[in-house]
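Per the numbering used here, the very first residue in the sequence shown carries number 10; after that it's consecutive.
Note that beta-carbon positions come from the ideal geometry of N, C-alpha and C, so glycine has one too.
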Amino acid sequence: MSTILRTVRNLRRIGIKDYLHQMQNIGDTKAGTLIATDRYGNKYYENIDDELPLRTRWVDYKEQEYSPCQIEPGWHAWMSYLVDKPPTEDAVLKPGQRSWELPVHRPNLTASRAAFKTYSTVKPKTAAWEPVAAPR
């Protein structure tokens with residue numbers, strides 16, 4: 010939650026369109042520099058001046074139903090302060106550098122409708138009880 014002074018200052022910096030977009034999506038106003046956009050359309054920002062420590066980096070997701078699994082591993086390391094340089098500047102974090110890496114990032118679909126669900130072909134060990142009522 011931001012103060013009124015900080016909100017007004019950020020409104021002047023980013024404009025009304027971005028202000029309304031941020032209030033709709035993240036519920037707070039932030040002003041910073043655009044670091045890069047990944048290949049999926051997510052935008053990564055950083056502001057070192059006015060923010061609290063460990064709250065200086067944030068992502069603006071392209072999809073409306075956003076989830077942290079939509080972030081690529083290199084960007085996730087940068088967002089979590091594991092590395093100082095973003096993947097655009099760090100040669101180790103660039104996608105496509107490792108032979109075992111998948112060509113396209115697959116998000117973790119656990120707890121979503123697209124999650125893997127097992128299908129059992131084994132006959133159940135118990136049968137449902139069906140009551141039989143004798144006529145009176």
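| Asked | Found |
| --- | --- |
| Assumed close pair residue 51, residue 79 - CB separation to whole angstroms, cut-off 8 Å | 7 Å |
| Contact belief for residue 54 with residue 41 at Cβ below 8 Å, rounded distance in angstroms | 4 Å |
| Residues sharing a beta bridge with residue 42, DSSP | 55 |
| Burial state of residue 96 (16 or more Cβ within 10 Å) | buried |
| Own chain residues within Cβ distance below 6 Å of residue 118, not counting five before or after | 124 |
| Start-end ranges of the alpha helix (DSSP H) lying completely within the segment 45 to 125, minimum 4 residues | 82 to 88 |
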